[in-house]
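Participant: Protein chains in written order, with the numbering used here: chain S, 1 to 188; chain F, 189 to 376; chain A, 377 to 564; chain Y, 565 to 752. Virtual Cβ for every residue (Gly too), placed ideally from N, Cα, C.
Number of protein chains: 4
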Amino acid sequence: MDADEGLASGKCRRGERGGISVIRKIAIGVMGPGAGATLADLQNAFQIGQIIAREGWVLLTGGRNAGVMDAASQGAKQANGLTVGILPTDGTGTIYEGISEAVDIAIFTGMGSARNNINVLSSDVLIACGMGAGTASEIALALKANKKVILLNDDAGSQVFFKSLSPQNVFVAGTPEEAIGRVREVLG
Amino acid sequence: MDADEGLASGKCRRGERGGISVIRKIAIGVMGPGAGATLADLQNAFQIGQIIAREGWVLLTGGRNAGVMDAASQGAKQANGLTVGILPTDGTGTIYEGISEAVDIAIFTGMGSARNNINVLSSDVLIACGMGAGTASEIALALKANKKVILLNDDAGSQVFFKSLSPQNVFVAGTPEEAIGRVREVLG
Amino acid sequence: MDADEGLASGKCRRGERGGISVIRKIAIGVMGPGAGATLADLQNAFQIGQIIAREGWVLLTGGRNAGVMDAASQGAKQANGLTVGILPTDGTGTIYEGISEAVDIAIFTGMGSARNNINVLSSDVLIACGMGAGTASEIALALKANKKVILLNDDAGSQVFFKSLSPQNVFVAGTPEEAIGRVREVLG
Amino acid sequence: MDADEGLASGKCRRGERGGISVIRKIAIGVMGPGAGATLADLQNAFQIGQIIAREGWVLLTGGRNAGVMDAASQGAKQANGLTVGILPTDGTGTIYEGISEAVDIAIFTGMGSARNNINVLSSDVLIACGMGAGTASEIALALKANKKVILLNDDAGSQVFFKSLSPQNVFVAGTPEEAIGRVREVLG
């Protein structure tokens, strides 16, 4: 088996353009707090990363070695997935500084929080695991871009608020499995 | 009186660097919905723009000819202020397409909603007038950047949610005057 | 005379949109090296800044307190102009760190060199004063965006190279006055 | 053999952080014109993509279905590589519009040419295949970021110019094999 078969086994967005299939892989964004993540957030993120990998999807996160980003990436790698991290930093100095060790593909934006919009645009569906200011910005940017977002937290205030912004695009899940179930539905 | 005196009368952030004063003007960001703005949002934004101009501050908005951005800019120009618009577009095609006619300085980012982070970083204080997905992203990005945000809306859900994210950085105002009062306090 | 008259005396791009005039000011971008600027570059930049201000145009630079950016801004302020600086930094820490003291309006992008594209898109015409890697990137991005660029340097290699990329958009000037003459021609 | 083994066989930047290895893959950026690419550029890009894949490196391009970006990605996929495309578009509308069919991981920036800086920062080494305004901006941004760039073209003007900007970071190669040889040297 060659190097590509592993990749080829991943789920792809197959489209048609001039009769030629497009192989772009499905990317699921997992967003959540860094330093402010709770233990439950970390456990949920790890499990979500695992399931995403098992589904053959690419995991896309903010790439830092902290909180939900790191936990989801660790989970995906434990299940032999492919992980992409969109970093706020520019990769200078010590190039590994601040990067999750479980990120395969590091995209260095050097753009700080403006990179949050890239996370959103590059994800087919987003799961927000926990809550914080950065996470809230990603959910709001996702809704602005008309993306579906699944909230996995026990923060009723955020659920009510984001549903009020875009009722048809916001879903609430109680467990990682339920969150992934919603992703499957959205992908159709 | 020469062209500069008008400018010089504006309030500036005077700092010291090697004994030389810095003249950067104070910029107040006014954020809010475009197409989704209510009549009350527009009236509030217009008044806020007027007062910002009278205070000698620069008005900074998202620059589009829609909703709160446009109303605030119109208010500021009616009071002879200086207005900056940070556009999501790149200024190609018809260069005025989509720009508020009341914007003096148009910054074309060509970055879509990623420009929301520039709005935030370039404002000394932010006022969010009304609510929507784009506005919510700007508030969240502002809190992430540790900026003060004054909410001027009657949406209790958003007030509760953003206060929960950063209690010390979120203020609620009931009127334009109250919002500007808070800005004065924050600027100290 | 009120605060606006000084501003109103500036040259604007007057357009028509639904019969309503647009007041956006003309912005001339002056690009050039920071630390690597030569004495001639600095003198040229200062003079160009002065003339831009006298013409009633806004000066747009990269905003740092170094090299061509700073010299052009100082020149413009000496002639009572209005100066905009698009900074690579995010304005955190000491907010004046790295900003030219002669910048009126500081746009903090927090995007590093990616902000070079904003400089380009936001300028009606660009003058490149001196040469370096950052300056070369701005010239190239300007040509990619189909903007006119006036080169003011004695570096034949760069003149030949950029003319080869886009013969109709690159002009070479020997003096600040000649550069400004070209700007007037381009603005028409 | 599971899905990961193929990936695991790729070359990685193994570093140490607290004694834990980092798995980030080595990414080689291949830059070049879209519509303006010559037949030689396309042939070179295809071969370079093939060799990059065989080396186990990730191929990083601007992701569009045009010119050098597309040819390099096609070459890499033919050799069972992994391809990343950093798109200038935001992925809205028809999500495949403009994307090379040979891109596995599509990063939608929605930032136009400002994304060129992300291409640069995310590549361990860059190869510029052919020449044009966009390509020139990427080379210049790479030199600004102190990255090594290998020029594969027969345009003496560009070779002289970029070498003058940063003699230690610019290399000229006559063939794809020679270009890859330089990459190996730079990676050490």
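1. Is the CB of glycine 300/F under 7 Å away from at least one CB in chain Y?
2. Going by alpha carbons, who is nearest to leucine 729/Y out of Ala709/Y, Glu661/Y, Ala643/Y and Ala737/Y?
3. Could you check what DSSP says for arginine 252/F in three-state terms: helix, strand or coil?
4. Please list, in chain order, the chain A residues whose beta carbon lies closer than 7 Å to that of glycine 698/Y.
5. I need the DSSP call for lysine 25/S, collapsed to helix, strand or coil.
6. Taking Cβ-Cβ distances shorter than 7 Å, what residues in chain A pair up with phenylalanine 725/Y?
7. Apart from the five residues just before and just after aspartate 258/F, which ones in its own chain have a Cβ nearer than 6 Å to its Cβ?
8. Taking the C-alpha atoms as reference points, what is the distance between proline 167/S and asparagine 253/F?
9. With 16 as the cutoff for other CB atoms within 10 Å, does alanine 509/A come out buried or exposed?
10. Using C-beta distances below 7 Å, list every residue in its chain close to alanine 455/A, excluding the 5 sequence neighbours before and after it, in chain order.
11. Determine whether the Cβ of glycine 654/Y lies closer than 7 Å to any Cβ atom of chain F.
12. Nearest to glycine 217/F by alpha carbon, out of Gly345/F, Ala344/F and Leu340/F?
13. May I ask you to report which of helix, strand or coil DSSP gives valine 574/A?
14. Whole angstroms are fine: how far does the CA of glycine 457/A sit from the CA of threonine 531/Y?
15. Use the C-beta contact count for aspartate 466/A: other C-beta atoms within 10 angstroms, 16 or more gives buried, fewer gives exposed.
16. Excluding the five sequence neighbours on either side, which residues of its own chain have a C-beta within less than 6 Å of the C-beta of valine 750/Y, listed in chain order?
17. Just the C-alpha distance for threonine 511/A and glycine 443/A, rounded to the nearest angstrom, thanks.
18. Assign methionine 219/F to one of three DSSP states: helix, strand, or coil.
19. By alpha-carbon positions, which one of Val734/Y, Gly620/Y and Ser637/Y ends up nearest to isoleucine 23/S?
20. Would you list the residues sitting across from threonine 83/S in a DSSP beta bridge?
21. Taking the alpha helix (DSSP H) that alanine 316/F belongs to, which residues open and close that run?
22. On the DSSP letters alone, give me the boundaries of the alpha helix (DSSP H) that threonine 323/F sits inside.
23. Out of curiosity, what's the CA-to-CA distance linking glycine 369/F and glycine 376/F?
24. Is leucine 517/A near serine 722/Y, with beta carbons less than 7 Å apart?
25. Between glycine 318/F and alanine 225/F, is the Cβ-Cβ spacing less than 7 Å?
26. Return the CA-CA distance between phenylalanine 162/S and alanine 173/S, expressed in angstroms with no decimal places.
27. Taking just the CA atoms, how far does tryptophan 245/F sit from alanine 233/F?
28. Whole angstroms are fine: how far does the CA of threonine 437/A sit from the CA of valine 460/A?
29. Given that asparagine 307/F touches chain D, what residues does it touch there, using C-beta distances under 8 Å?
30. Does the CB of phenylalanine 547/A have a neighbour CB from chain Y at under 7 Å?
31. Do you know how far the Cα of leucine 247/F is from the Cα of phenylalanine 359/F?
32. Determine whether the Cβ of leucine 340/F lies closer than 7 Å to any Cβ atom of chain S.
33. Hey, is phenylalanine 161/S close to the ligand FAD, as in C-beta under 6 Å from one of its heavy atoms?
34. Is the distance from the Cβ of isoleucine 127/S to the Cβ of alanine 179/S below 7 Å?
Facilitator: Looking at the atomic coordinates:
1. By this cut-off, glycine 300/F is an interface position.
2. With distances taken between CA atoms, leucine 729/Y lies nearest to Ala709/Y out of Ala709/Y, Glu661/Y, Ala643/Y and Ala737/Y.
3. DSSP places arginine 252/F in the strand class (E or B) of the three-state scheme.
4. Glycine 698/Y reaches chain A at Lys520, counting residues in chain order whose Cβ is nearer than 7 Å.
5. Reduced to three states, the DSSP call for lysine 25/S is strand.
6. Chain A residues near phenylalanine 725/Y: Gly533, Ser534 and Phe537.
7. Apart from sequence neighbours up to five positions away, the residues of its chain that approach aspartate 258/F with a beta-carbon distance below 6 Å are Ser288, ordered along the chain.
8. Using only the alpha carbons, I get a separation of about 27 Å.
9. Counting the other Cβ atoms within 10 Å of the Cβ of alanine 509/A gives 16 or more, which makes it buried.
10. The answer, listed in chain order, is Gln426, Ala429 and Arg430.
11. Checking the sequence shown, residue 654/Y turns out to be aspartate, not glycine. By this cut-off, aspartate 654/Y is an interface position.
12. Out of Gly345/F, Ala344/F and Leu340/F, Leu340/F has the C-alpha closest to the C-alpha of glycine 217/F.
13. This structure leaves residue 574/A out entirely; chain A is present only between 377 and 564.
14. Coverage of chain Y is limited to positions 565 through 752, which leaves residue 531/Y absent and any answer about it impossible.
15. The C-beta of aspartate 466/A has 16 or more other C-beta atoms within 10 Å across all chains shown, which makes the residue buried.
16. The residues are Val689 and Lys712.
17. Going by the C-alpha atoms only, they are around 12 Å apart.
18. Three-state result, methionine 219/F: strand.
19. Among Val734/Y, Gly620/Y and Ser637/Y, the Cα nearest to that of isoleucine 23/S is on Ser637/Y.
20. Looking at the DSSP assignment, threonine 83/S forms a beta bridge with Leu59/S.
21. Where alanine 316/F is concerned, there is no enclosing alpha helix (DSSP H), although the beta strand (DSSP E) it sits in stretches over 313-317.
22. Counting along the chain, the alpha helix (DSSP H) containing threonine 323/F begins and ends at 321-332.
23. For the pair glycine 369/F and glycine 376/F, the Cα-to-Cα distance works out to about 11 Å.
24. No; because the gap between Cβ atoms is not below 7 Å, this pair is not in contact.
25. When the beta-carbon positions are compared, glycine 318/F and alanine 225/F come within less than 7 Å of each other.
26. Distance between the alpha carbons of phenylalanine 162/S and alanine 173/S: 14 Å.
27. Alanine 233/F and tryptophan 245/F: Cα-Cα distance of roughly 15 Å.
28. Cα to Cα, valine 460/A sits roughly 6 Å from threonine 437/A.
29. Among the protein chains of the structure shown, namely S, F, A and Y, there is no chain D.
30. Phenylalanine 547/A does not count as touching chain Y.
31. Rounded to the nearest angstrom, the two C-alpha atoms are 19 Å apart.
32. With 7 Å as the cut-off, leucine 340/F does not count as an interface residue toward chain S.
33. Among the ligands in the structure shown, none appear at all, so the ligand FAD cannot be discussed.
34. It is a contact, given that the beta carbons lie within the stated cut-off.
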